[in-house]
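Asker: This is the structure, below, for whatever I ask next.
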């Protein structure tokens, strides 16, 4: 008895019975633990711990932080994709008397994890990764406004990710869907730790995102190269600015919503409970007041990437620059006025539904304008169909079809018939995969040489593109039909008499094709690294680019620019090339020192959240004091920067130039 | 020759897909597109109309994408290269206008249909049948206050008669949806929502819980039996003779979580059961506060 | 050497500008956070679920004392800032100290009110209204606590380092934060206590 009390005081709800309940769950846990051990073993074997810590984990260089974001996001993409395969496999077999291989609760956990991971840890991760990699270089800045905060944002993102992964090993994950509507997500109906994991994973990574939003806003407004007025910024920078404005004004709502749900679950408040004076409809409103802007938070930078890619590969300046800027800000404003369209079926009056239906449809206008402008950027261009451009072609087709479905659903009376059905699922996957994920893949292959100094293998890139696109159509077209047949989302089982099985099997085949696409991407990465000597980017400008990031050598040096660039026109680098201007000048460079404190912020956040999830309350004050001490100690350090003199910069620059010569010799 | 071979393969594949899809769809009904009631029919027509007029935007986009990609591909000498062509006020005005016109049409449709197809609006016709719907873990309870009967997972309605469903939940939130009749409405504890539907044909129509509500969610479906007046009367009569009554106690048993329930019938229903179910979420109940016991773990 | 000094000055200037702008943005996000909490309170304020409402719970005179303490602390914080501009170290310390004491008084009064309500059985568990009340006012209180901690640390800085540029920059941020909390409190006073006592 006493032992039990002690264990409870120390470990809270944690105990042996929280290990995975069955073979499939054990498989997931084994992958997490095994993967961690394998990576740790490899690093130990190669004696790389010190290198890892000094060069990467403690770095404040946005390019390196960007790379870490992308790596984490790609690993999470594998996890999210695995969840998707399990779902489709279950739905292909779990018909009639066959109950499939997943029980309902496990299936619902997988569904919830899939959505949560894909949005928060894949899409957001790739987005922040690409912004870190590209934005400062495009602005002619060496860094973001607050490097330490930037690194801390990454580590908060990492801590959130770690919590989701921990739920595979200890306890369970939320089974309440990716947005965890109460009362289902309240303690009474979801008594396990699952929803708590969900809350705190999102809360922590969400605070990281919020800080990043502030950081990039300040970077764009205060750190552009001399001469770069706002209307001379690259379109990607504009789109990031729109997106970050949304982050700054939408994420606090998420913070509040999650906190209130957590309070309901831990200290017995009645915000969203059924009864007790709670109001679950308020949760649905709040979560979508964040959730709809979130869609545009993701899609705006994606649009920015398309603007860069289409212009570069058509060898023309972006068509209708001013229109594009207006379109972005129209989307930013409108995206706050549409949240109710996620629940037309809640019984608001006809006037309310009509209002939100119309505002929703209006967003199609600026979006349509953007598509026309991209098309006219291609018009009278010289289009080279490298893989980044192929992704764009796929995007236009998929996004337009998905967009039509979206406009249909903006009419409340139509939405009544497709809401919560697989039709909706098909629609938003077309928007988020076609619109967002394709853009990030395109951006990754576009900017990859800038960061690593060599291009990704083009052939395998094309293979990946075709598998993704064809697989995508095969996977999601049946869902439109299933939705219209009355199939709802998140079904772990259905009656044989409905005759849905063939369509679910086709959708499963589509998922498998996407799986081949993912495999091709993994192969592409490996092959590209192995064959890097033949794929070197010697010029720093492999695609005949237009914006400042291509003016520095590849891989971009850690000091970014030898001298702060000065801008007179849009697409300054393109203009310089036309004028055959090139000059090498050097200046003293100020750079942030590495700091382990940002890692500490992430570690403390993880500890805090993990102990909250498991009710190990005694740790909380310790973790809290840890955070305060970290902040105070860090803020006492007045000089977290160092100077790299012009002479040192020159030396480094020339060393890189020598290396390029060597590679040139190898290649010829 | 090589290209022709490729085209042949792709064409054959596409043909096979079309044939297979056609034969599948021929033998499987698409509920939303083959409605059995006036609300569903109007919603379907709206859907088809909206999809059709969106072609105003889709067709030009696809045509231009294909044409520009082909004509201005690198290495095609016929495509003119004009890097200075980077803006044109008139052209841009055109494509601010095209989607704007499209959306104006959609906006008008949205406004009108939101009122015309408001689920709370009573339908025209004879005196409506009143059914109270309670979502439970994980089954649907249908109370017929005027007939004094109740049923689980099965709702009989007379064909051609407007039906006024009042909807609530005595568990988490979920959604009431009978696709062939039309519409969908959330069922929420402590709330009363409404859905007015009318069947134009007789037959059995599937209804589901459309929003995730826990582990038995996938099996939480019901059948709407649309019947002639006389069959409906017979159904009510059979229920009245089923023997079991829905009292406080039997209701409590029914409300316990259970999945994949078969249809069941109750001869009599305690009056005001539906209101009691809603009210218990609005005010503390007398004996022991079941709600306040939730979530106190500090 | 001269160039290095110039670089240093430019860096300092830019950093200050960035930090203050970033802090403004942060305050905007905090504004959204409080706006959400106000919205929640407005939705739930009549959901008393059989429990007491604001009129039965709040005592306006008590809250007026709290308000007076906080508003005065904002004034003394302003005096500290003026002193900082004159680089009058001891004055800064004195006014910061007064501000701290007034802030602590405010916090003490609030905590006393909270514990009294909880002891009478009207804690956050009682009803949706009380949940939203405790959370909205408590979040403000948590901000005050952070502000007080920060003020204490700044006091130590001023004592040990004097009024250097970087210390003064931080004082500016702190005062922005403190005034911001004042503004939020005025909304709380009006929407929660005043409307609550009038039961509108």
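Protein chains in written order, with this note's numbering: chain A, 359 to 1026; chain B, 7 to 304; chain C, 13 to 212.
Glycine included, each C-beta is placed from N, C-alpha and C at the ideal position.
Can you have a look at residue 180 of chain B and say buried or exposed, based on whether 16 or more other CB atoms are within 10 angstroms of its CB?
Answerer: Translated into the one-based positions of the second chain, residue 180 of chain B becomes position 174. That one is buried.
Asker: Is it true that the region 171 to 189 of chain B meets the region 136 to 146 of chain B, where meeting means three or more beta-carbon pairs spaced less than 8 angstroms apart?
Answerer: Result yes; three or more Cβ-Cβ pairs closer than 8 angstroms.
Asker: Can you list, in chain order, the residues of its chain with a C-beta nearer than 6 angstroms to that of residue 474 of chain A? Leave out the 5 residues immediately preceding and following it.
Answerer: Within the first chain, residue 474 of chain A is the residue found at index 116, counting from 1. Excluding positions up to five away in sequence, the list reads 536.
Asker: Checking contacts by CB at 8 angstroms: is residue 268 of chain B closer than that to chain A?
Answerer: Residue mapping note: residue 268 of chain B aligns to position 262 of the second chain, counting from 1. Output row for residue 268 of chain B: interface = no.
Asker: List the residues that DSSP assigns as beta-bridge partners of residue 231 of chain B.
Answerer: As a working note, residue 231 of chain B is residue 225 in the second chain. As a beta-bridge residue in DSSP terms, residue 231 of chain B pairs with B:162, B:210.
Asker: Anyone know if the C-beta pair for residue 33 of chain C and residue 579 of chain A falls short of 8 angstroms?
Answerer: Walking along the third chain from the start, residue 33 of chain C turns up at place 21. Walking along the first chain from the start, residue 579 of chain A turns up at place 221. Against a cut-off of 8 angstroms, the Cβ pair of residue 579 of chain A and residue 33 of chain C comes out as a contact.
Asker: Rounded to whole angstroms, what's the CA-CA distance from residue 148 of chain B to residue 287 of chain B? Just pull it up for me.
Answerer: In the second chain, residue 148 of chain B corresponds to position 142, counting from 1. In the second chain, residue 287 of chain B corresponds to position 281, counting from 1. If you take the alpha carbons of residue 148 of chain B and residue 287 of chain B, they lie about 20 angstroms apart.
Asker: If we call anything under 8 angstroms between Cβ atoms a contact, is residue 1004 of chain A one with residue 945 of chain A?
Answerer: Counting from 1 along the first chain, the entry for residue 1004 of chain A is found at position 646. Counting from 1 along the first chain, the entry for residue 945 of chain A is found at position 587. Contact flag set, yes.
Asker: With DSSP collapsed to three states, give me the class of residue 894 of chain A.
Answerer: Translated into the one-based positions of the first chain, residue 894 of chain A becomes position 536. It is a strand residue.
Asker: Quick check for students: name the residue ranges of the beta strand (DSSP E) that lie wholly in the region 104 to 149 of chain C, counting only runs of 3 or more.
Answerer: none
Asker: Can you confirm whether the region 629 to 645 of chain A touches the region 48 to 68 of chain B when touching is taken to mean that 3 or more C-beta pairs between the two stretches lie within less than 8 angstroms?
Answerer: no
Asker: State the Cα-Cα distance for the pair residue 331 of chain A and residue 894 of chain A, rounded to the nearest angstrom.
Answerer: Examination of residue 331 of chain A is not possible in this model, given that chain A is present from 359 through 1026 alone.
Asker: Can residue 49 of chain B and residue 220 of chain B be called in contact, C-beta distance under 8 angstroms?
Answerer: In the second chain, the residue the question calls residue 49 of chain B occupies position 43. In the second chain, the residue the question calls residue 220 of chain B occupies position 214. No. Outside cutoff.
Asker: Among residues of its own chain, excluding the 5 on either side of residue 542 of chain A, which ones have a beta-carbon nearer than 7 angstroms to its beta-carbon?
Answerer: Stepping through the first chain from its first residue, residue 542 of chain A is reached at position 184. Hits under 7 angstroms: 534, 548.
Asker: Could you tell me which of B:190, B:183, B:68, B:23 sits nearest to residue 729 of chain A, measuring between CA atoms?
Answerer: Within the first chain, the letter at position 371 stands for residue 729 of chain A. When each option's Cα is compared against that of residue 729 of chain A, the closest is B:68.
Asker: Does any residue of chain B bring its CB to less than 8 angstroms from the CB of residue 692 of chain A?
Answerer: The residue given as residue 692 of chain A occupies position 334 in the first chain. It does not: the Cβ of residue 692 of chain A has no partner Cβ on chain B nearer than 8 angstroms.
Asker: Mind checking if residue 951 of chain A is an interface residue toward chain C, Cβ cutoff 8 angstroms exclusive?
Answerer: Residue numbering aside, residue 951 of chain A sits at position 593 when the first chain is read from its first letter. Not closer than 8 angstroms to any Cβ of chain C, the Cβ of residue 951 of chain A fails to qualify, so no.
Asker: Name, in chain order, the residues that DSSP records as bridge partners for residue 200 of chain B.
Answerer: Taking the second chain and counting its residues from 1, the one referred to as residue 200 of chain B is at position 194. Bridge partners of residue 200 of chain B: B:172.
Asker: Measure the C-alpha to C-alpha separation of residue 962 of chain A and residue 566 of chain A and round it to an integer number of angstroms.
Answerer: By 1-based counting over the first chain, the position of residue 962 of chain A is 604. By 1-based counting over the first chain, the position of residue 566 of chain A is 208. Each residue's Cα considered, the two are about 13 angstroms apart.
Asker: Once you ignore the five residues that flank residue 973 of chain A on each side, which residues in its own chain have a CB closer than 6 angstroms to its CB?
Answerer: Numbered from 1 along the first chain, position 615 holds the residue referred to as residue 973 of chain A. Result list for residue 973 of chain A: 370, 371, in chain order.
Asker: Applying the 10 Å Cβ sphere with the 16-neighbour rule, what's the burial state of residue 58 of chain C?
Answerer: Reading the third chain from its first residue, position 46 is the one you call residue 58 of chain C. Flag for residue 58 of chain C reads exposed.
Asker: For residue 126 of chain B, which residues in the same chain have their Cβ closer than 6 angstroms to its Cβ, ignoring the five residues on either side in sequence?
Answerer: Here residue 126 of chain B is taken as the residue at index 120 of the second chain, counted from 1. So the qualifying residues of the chain are 200.
Asker: Do residue 896 of chain A and residue 1022 of chain A count as a contact pair if the criterion is CB distance below 8 angstroms?
Answerer: Sequence index remark: in the first chain, residue 1022 of chain A carries index 664 (1-based). Sequence index remark: in the first chain, residue 896 of chain A carries index 538 (1-based). Yes, the pair counts as a contact, with Cβ atoms nearer than the cut-off.
Asker: Going by DSSP in three states, residue 13 of chain C sits in which element: helix, strand or coil?
Answerer: Looking up residue 13 of chain C in the third chain gives position 1. Caution is warranted here: a pLDDT of 49 is assigned to residue 13 of chain C, below 50, making its placement in the model unreliable, and the coordinate value is therefore given only provisionally. Three-state result, residue 13 of chain C: coil.
Asker: Taking only beta-carbon positions, decide if residue 486 of chain A is within less than 8 angstroms of chain C.
Answerer: Your numbering for residue 486 of chain A matches position 128 in the first chain. So, not an interface residue.
Asker: Could you tell me the distance, in whole angstroms, from the CA atom of residue 692 of chain A to the CA atom of residue 389 of chain A?
Answerer: As a position in the first chain, residue 692 of chain A is number 334, starting the count at 1. As a position in the first chain, residue 389 of chain A is number 31, starting the count at 1. Near 43 angstroms, if we compare the C-alpha coordinates of residue 389 of chain A and residue 692 of chain A.
Asker: In terms of residues, what are the limits of the beta strand (DSSP E) holding residue 142 of chain B?
Answerer: Counted from its first residue, the second chain places residue 142 of chain B at position 136. Element bounds for residue 142 of chain B: 135 to 142.
Asker: According to the Cβ coordinates, are residue 663 of chain A and residue 797 of chain A closer than 8 angstroms?
Answerer: For this step, residue 663 of chain A is matched to residue 305 along the first chain. For this step, residue 797 of chain A is matched to residue 439 along the first chain. Yes, these two residues count as a Cβ contact at 8 angstroms.
Asker: So, with DSSP's three-state summary, where would you put residue 190 of chain B?
Answerer: Working through the second chain from its first residue, we reach residue 190 of chain B at position 184. Strand at residue 190 of chain B.
Asker: Is the beta carbon of residue 689 of chain A less than 8 angstroms from the beta carbon of residue 658 of chain A?
Answerer: Numbered from its first residue, the first chain carries residue 689 of chain A at position 331. Numbered from its first residue, the first chain carries residue 658 of chain A at position 300. Their beta carbons are under 8 angstroms apart, which means residue 689 of chain A touches residue 658 of chain A by this criterion.
Asker: If residue 647 of chain A and residue 809 of chain A are in contact, beta carbons under 8 angstroms, what's the gap, nearest whole angstrom?
Answerer: Taking the first chain and counting its residues from 1, one reaches residue 647 of chain A at position 289. Taking the first chain and counting its residues from 1, one reaches residue 809 of chain A at position 451. About 36 angstroms separates the two Cβ atoms, so there is no contact after all.
Asker: Can you tell me whether residue 464 of chain A is buried or exposed, with buried defined as 16 or more other CB within 10 angstroms of its CB?
Answerer: The count along the first chain starts at 1 and reaches residue 464 of chain A at position 106. Per the 10 Å Cβ criterion, buried.
Asker: Whole angstroms is fine: what's the gap from residue 918 of chain A's alpha carbon to residue 387 of chain A's?
Answerer: Counted from its first residue, the first chain places residue 918 of chain A at position 560. Counted from its first residue, the first chain places residue 387 of chain A at position 29. For residue 918 of chain A and residue 387 of chain A, the distance between alpha carbons rounds to 41 angstroms.
Asker: Cβ of residue 590 of chain A within 8 angstroms of Cβ of residue 928 of chain A?
Answerer: In the first chain, residue 590 of chain A corresponds to position 232, counting from 1. In the first chain, residue 928 of chain A corresponds to position 570, counting from 1. Yes, Cβ-Cβ distance for residue 590 of chain A and residue 928 of chain A is below 8 angstroms.
Asker: Is residue 508 of chain A buried or exposed, if buried means 16 or more other CB atoms sit within 10 Å of its CB?
Answerer: Locating residue 508 of chain A in the first chain gives position 150, counting from the first residue. When all chains shown are included, residue 508 of chain A counts as buried.
Asker: For residue 70 of chain C and residue 627 of chain A, I'd like the C-alpha separation in whole angstroms.
Answerer: Here the question's residue 70 of chain C lines up with position 58 in the third chain. Here the question's residue 627 of chain A lines up with position 269 in the first chain. If I take the Cα positions, the gap works out to 20 angstroms.
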